[in-house]
Structures are given as C-alpha cells and as structure tokens.
Amino acid sequence: MDVLPLLLLVAGSAAVAGLARRTPVPAPLLLVAAGLVVSYVPGVPGYELDPEIVLPLVLPPLLYTAATDSSYLDLRAHMRPIALLSVGYVLFATLAVGWAAYLIVPSLPLPAALVFGAVVAPPDAVAATAVARRVGLPSRITTILQGESLVNDATAITAYKVALAAAVGEGATWAGGIREFLLAAVGGVVVGLVLMVPIHWLRTHLNEALLQNTLSLLIPFVAYGIAEQVHASGVLAVVVVALYLGHRAWEVDFATRLQEEAVWKMVAFVLESAVFALIGLQLPVVLKGLGQYQGAQAAWYAVAVFLVVVAARFLWVYPATFLPRLLSARIREREGAPTWKGPFVIGWAGMRGVVSLAIAFSIPLTVHGGASFPDRNLLLFLTFTTVIGTLVVQGLTLPPLIRLLKLPGRDVQAETLAEANAQAQASRVAEERLDALLTDERNALPPPLADRLRSVLERRRNAVWERLGAVNPVTGETADDTYRRLSREMIGAEREMFVKLRDHRYIDDEMLRTLLRRLDLEEAAAYREAA
Numbered sequence: 001m002d003v004l005p006l007l008l009l010v011a012g013s014a015a016v017a018g019l020a021r022r023t024p025v026p027a028p029l030l031l032v033a034a035g036l037v038v039s040y041v042p043g044v045p046g047y048e049l050d051p052e053i054v055l056p057l058v059l060p061p062l063l064y065t066a067a068t069d070s071s072y073l074d075l076r077a078h079m080r081p082i083a084l085l086s087v088g089y090v091l092f093a094t095l096a097v098g099w100a101a102y103l104i105v106p107s108l109p110l111p112a113a114l115v116f117g118a119v120v121a122p123p124d125a126v127a128a129t130a131v132a133r134r135v136g137l138p139s140r141i142t143t144i145l146q147g148e149s150l151v152n153d154a155t156a157i158t159a160y161k162v163a164l165a166a167a168v169g170e171g172a173t174w175a176g177g178i179r180e181f182l183l184a185a186v187g188g189v190v191v192g193l194v195l196m197v198p199i200h201w202l203r204t205h206l207n208e209a210l211l212q213n214t215l216s217l218l219i220p221f222v223a224y225g226i227a228e229q230v231h232a233s234g235v236l237a238v239v240v241v242a243l244y245l246g247h248r249a250w251e252v253d254f255a256t257r258l259q260e261e262a263v264w265k266m267v268a269f270v271l272e273s274a275v276f277a278l279i280g281l282q283l284p285v286v287l288k289g290l291g292q293y294q295g296a297q298a299a300w301y302a303v304a305v306f307l308v309v310v311a312a313r314f315l316w317v318y319p320a321t322f323l324p325r326l327l328s329a330r331i332r333e334r335e336g337a338p339t340w341k342g343p344f345v346i347g348w349a350g351m352r353g354v355v356s357l358a359i360a361f362s363i364p365l366t367v368h369g370g371a372s373f374p375d376r377n378l379l380l381f382l383t384f385t386t387v388i389g390t391l392v393v394q395g396l397t398l399p400p401l402i403r404l405l406k407l408p409g410r411d412v413q414a415e416t417l418a419e420a421n422a423q424a425q426a427s428r429v430a431e432e433r434l435d436a437l438l439t440d441e442r443n444a445l446p447p448p449l450a451d452r453l454r455s456v457l458e459r460r461r462n463a464v465w466e467r468l469g470a471v472n473p474v475t476g477e478t479a480d481d482t483y484r485r486l487s488r489e490m491i492g493a494e495r496e497m498f499v500k501l502r503d504h505r506y507i508d509d510e511m512l513r514t515l516l517r518r519l520d521l522e523e524a525a526a527y528r529e530a531a
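In terms of the working numbering, the sequence shown has 34 at position 34, counting the first letter as 1, and numbering is strictly consecutive.
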C-alpha cells in the first residue's frame, strides 16, 4: 500500500470517529457505514484487507490495550462463563454455522463449510465492549464480554487452521485437530507466563519514561511473534502478558503511567478507527469476486447465514448460563439465580468484526492438487455480510434493547462511597507516615511546607466525600466540581500569562515549556476525574 492511501485512511477514519463522539451512534457503526459509502466514491483507492498485516500487526496492540485495561481479578472471578463463551461457544459456532452453511449452499463441501464456521465464530474484540461501555451495562456482563473478546480469537484461529487442513487435503483428523488446539492454547499461555516476569522487571528497572514506553509499544508484537514462531497461540501470549503487566502497573513510576496511558489511547483510537473503516471499504473487493452467485441467490444465502449465526449464539448462551446452576449447588449458592435478561443481552452482543474478515481473506486460492478452494469468493461475501449484518442490526439495536430491558446499570453512589472509604484509609496511612518522617531531623521542614503536605493530603481525602454531598442549586455542581473548575480557570490564566511573557521575550521557549509542563501536571492532578 502506498503512503498516501494509508494516510487518507487514518485521517479519514479518525475524523469520522471524532464525529461519532458527538452523535448517539457508536463509532464502529458510523465508521463501517462511512467505509461502505466511500468505497464507491470515484477516485478512492482500493483497500484490500491483508491478513498478513491485520493478524500480526493490528490484532496484538488492540488485544494488549484491551487486556491491560481489564481487571485480572474480575476476569478470574468470572472464569467459567468467560471460558464457556470464548472456547465452548466458538467451537460450537464453528460446527453449527459450518453445518448450516453446508445445508444452505448446495455446492459447498462440508470441510469448506467448517472453515467458514470457524471464520465467523468469534465475536469482535472491540465492537461489543465499545457499545457495552457506552450504554452502561452491569459490570458482570461487561466483564464477561471483555473476557470473551480477549480469548475467542485464539480459539477461532486455531479451529480455522484445523478445518483448513482438512479442506485442503492435508489429512487432518479429529484427534490431530484436538492435539493442535491444545498445543496452541497451552503453548500460548506458557509463552506469556515465561515472558511476563522479565518484561515487567525490565519495565521497572528502566529509568526513563521514554524508554519504558518504547518497550511498551514493542511488547504485544514481541509476545505474539515469539508464540507464533513456536506454533503457539500469539493471541493468548499477548493476553497473558498484558493482564500481568496491567495488574502490576502500579509498580511502574508515575511518569511512565501518564505517558503510557496517553500513548496507548492514541494507538487504540487510530487502529480501531482504521479497522472499522476498512471493513466497509471491502465491499467492492468482495462483490467483484462473486462470479456465478448474483442477486437474489447471494442475498438469500447471506440472510440465512446471518440468522443462523445469531440463533447459534442464543442456543449456546442460555444452556451455558443455566445448566451449571442446575448441576451445581455450589454455583447456585455463590452466584444466585440469574434472570433471562442478562443472557439475552450477552446473546445479542455477538457482533463480528475485522478478525473474521482477515481470516476469510487468508483462505487459500487452491487446495491440494491445484484445484480452486470451493466457493472461496462466496465465503468472503458471506463473511462480509455477516460482519456488516451483526454490526448494523445488533450494534444499532443493542442500546435501545438494554434500555427496554431496564437492566440495572452501575451503582455510581456505591462506587463513590467505596472510593471515599478507600481514600480515607490510604490518607490515614499517609498521614501516619508523614508524622513519622517529620520526627527525624533529616526531614525537618518549615511549618508552612509541612502544613502544605497535610493540606494536600486533606484535600485528597475530602474530595471524594464532597462528590457525595449536596450540589450547588444554581449550577448543579458539587463542591468538588466547583473546586476543579475554578482550579482549571486559575491554571488557564497562568498559562496565558506565561505565553504573553514568552511573546514579549521575558522568557524563552525552553522555560515556557518547563512552566507549561508543570501546569499540565497540576491540571491533570486537579481535574483527572473529569477526563
């Protein structure tokens, strides 16, 4: 790909994603729609999705940033439903959708149909959780969807390799397929476990935030590449390393954390935007190769497969939710009885995405003996329509569905109270530590400076409690909100004066940058909750 089309893709997708933030439409849906429209604008270059780029270069950083933002403890607490979805459901969907495609398309052999089943089996790693965060799903459902999206790609890619080996005539057997699946899964986890401790040690012993963040950008590619080199799951290796590093991120110095958060937000934003735009841009490529399948016949196949994909998820989700509780009294006591609403939302949140398309484009042109892969172009078309169908139909209807079901959202009051209690305990320990330090003559401070340390501590302690208090009847702000707003106004005034002093040559640009960075850090500390 030339440089100019790539720049146009990044700039255009970023602009559309930015526009989506001002609309009620989730960004993935608007990006896909924009890609569909732009794909037929005269003069727009052709963008053919290359699996050799998406799988090793785009998927690892997206998985890494999603995993580092996830809670290892929450994922561990919901390990059973996550495993049933990320492994059990993907294998079930591979067989169910593959068998249905075999029955729907008369010319499609069963091995090729199973390849297609593996292609469309994994829900997208970004779309469902993006919608879930936007509509405020209960934390349990959000955690389950996040956990599923971290692992299901590994299951699907391995299932695809096994099904493909059978389809191209490489003599794959069920026993061999199970062995390959287990080796890939165990190998990926082992690679992640081997890498995570030395990588974390290196992160904590590098003295410069710039070097630490350079390492951070390399980590997902290193983990993925090493795992794939030994024929293990690169996806699982990345997830294991990222979960460990995210769980122990507090051990890295604050400058690295501040810079790393900004860097990865930017990387995730650019990649996610470009990826969803690329999905829409594939329409001309897919339609060009349909050949004999045109009009009503191709549309019927697409609708039938879409309905099977949606139905198969519900066929798995409800038994996977209720059967373990029927079979285990321990689970019933620990988790209680779920309603039908939560599983329904999980079932409906099965949007497919770029991984399915990337795998589909990696289907070879020929099989053993040089013959063409059966109905490859049709499979690309059905993958594309399934991805678009789930993103548009399920993605657009998921927010109103959640509102209709009246699922309980996050308890903001309870979360704020827990935060206030945690801050109170931490402040008490910090105050005791300060008193102990000030008794040592080596730490002697003038009273005003010691009082400043105590006032900062008191401010931190009171800030969360103030969010629970009454609001200003005129502005609707809490006292904490007003404090932050006034603090930002004061900092803004200082910033403007520094610029004026630079413009009048009282200070130089180097000093201006130093002073502005100091203000930036103060503003980040004073206004962080509003971000």
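Ideal Cβ placement from N, Cα and C applies to all residues, glycine included.
Small disclaimer: the values here were computed from a predicted structure and weren't measured.
Nearest-angstrom Cβ-Cβ length linking residue i and residue j, presumed shorter than 8 Å
| i | j | result |
| --- | --- | --- |
| Ala242 | Leu63 | 7 Å |
| Gly357 | Phe384 | For clarity, residue 357 is Leu in the given sequence; the question names Gly instead. Indeed they touch by this definition, with Cβ atoms about 7 Å apart. |
| Leu486 | Phe498 | In fact, because the Cβ distance is near 19 Å, the residues do not count as touching under 8 Å. |
| Val239 | Ala67 | 5 Å |
| Ala93 | Ala121 | 4 Å |
| Phe306 | Val32 | Contact flag wrong, Cβ pair sits at about 15 Å. |
| Gln402 | Leu137 | The displayed chain sequence assigns Ile, not Gln, to residue 402. Between Leu137 and Ile402 the Cβ distance is about 7 Å, and since that is below 8 Å, they are a contact. |
| Val252 | Arg179 | Contact flag wrong, Cβ pair sits at about 39 Å. |
| Leu391 | Pro28 | 6 Å |
Buried or exposed (CB count within 10 angstroms, at least 16 for buried), residue i
| i | result |
| --- | --- |
| Arg313 | buried |
| Lys161 | buried |
| Trp340 | exposed |
| Asp2 | exposed |
| Asp375 | buried |
| Ile331 | exposed |
| Ala531 | With a pLDDT of 42 at Ala531, under the threshold of 50, the modelled position of that residue is not reliable, and the figure given next carries that caveat. With fewer than 16 Cβ atoms within 10 Å of its Cβ, Ala531 is classed as exposed. |
| Tyr293 | buried |
| Pro5 | exposed |
| Pro42 | exposed |
| Ala163 | buried |
| Ile346 | buried |
| Ser107 | exposed |
| Arg352 | buried |
CA-to-CA distance, residue j to residue i, given in whole angstroms
| i | j | result |
| --- | --- | --- |
| Leu36 | Leu396 | 16 Å |
| Arg325 | Ser273 | 40 Å |
| Arg495 | Arg517 | 10 Å |
| Glu523 | Leu438 | 28 Å |
| Glu529 | Arg484 | Because Glu529 carries a pLDDT of 44, less than 50, the predicted location of this residue cannot be relied on, and the following value inherits that uncertainty. Rounded to the nearest angstrom, the two C-alpha atoms are 9 Å apart. |
| Pro51 | Pro24 | 32 Å |
| Val189 | Asp481 | 45 Å |
| Gly46 | Trp201 | 44 Å |
| Arg22 | Glu228 | 40 Å |
| Leu519 | Glu510 | 15 Å |
| Leu512 | Leu449 | 26 Å |
| Ala298 | Val367 | 24 Å |
| Ala167 | Gly187 | 25 Å |
| Leu417 | Arg460 | 14 Å |
| Ala237 | Val230 | 11 Å |
| Leu73 | Asn421 | 20 Å |
| Leu365 | Leu271 | 28 Å |
Secondary structure of residue i, DSSP reduced to three states
| i | result |
| --- | --- |
| Ser533 | Residue 533 lies beyond the range of the chain shown here (1 to 531); nothing can be said about it. |
| Thr366 | strand |
| Ser149 | helix |
| His231 | coil |
| Pro319 | helix |
| Trp340 | coil |
| Gly395 | helix |
| Val239 | helix |
| Pro408 | coil |
| Glu251 | helix |
| Thr439 | coil |
| Pro446 | coil |
| Gln425 | helix |
| Asp50 | coil |
| Asn472 | coil |
| Pro45 | coil |
C-beta contact flag for residue i and residue j at 7 Å
| i | j | result |
| --- | --- | --- |
| Leu49 | Leu380 | no |
| Ala255 | Ala209 | yes |
| Pro123 | Gly350 | yes |
| Ala223 | Leu195 | yes |
| Ser70 | Gln146 | yes |
| Leu457 | Ala426 | no |
| Gln259 | Asn207 | no |
| Ile144 | Pro198 | no |
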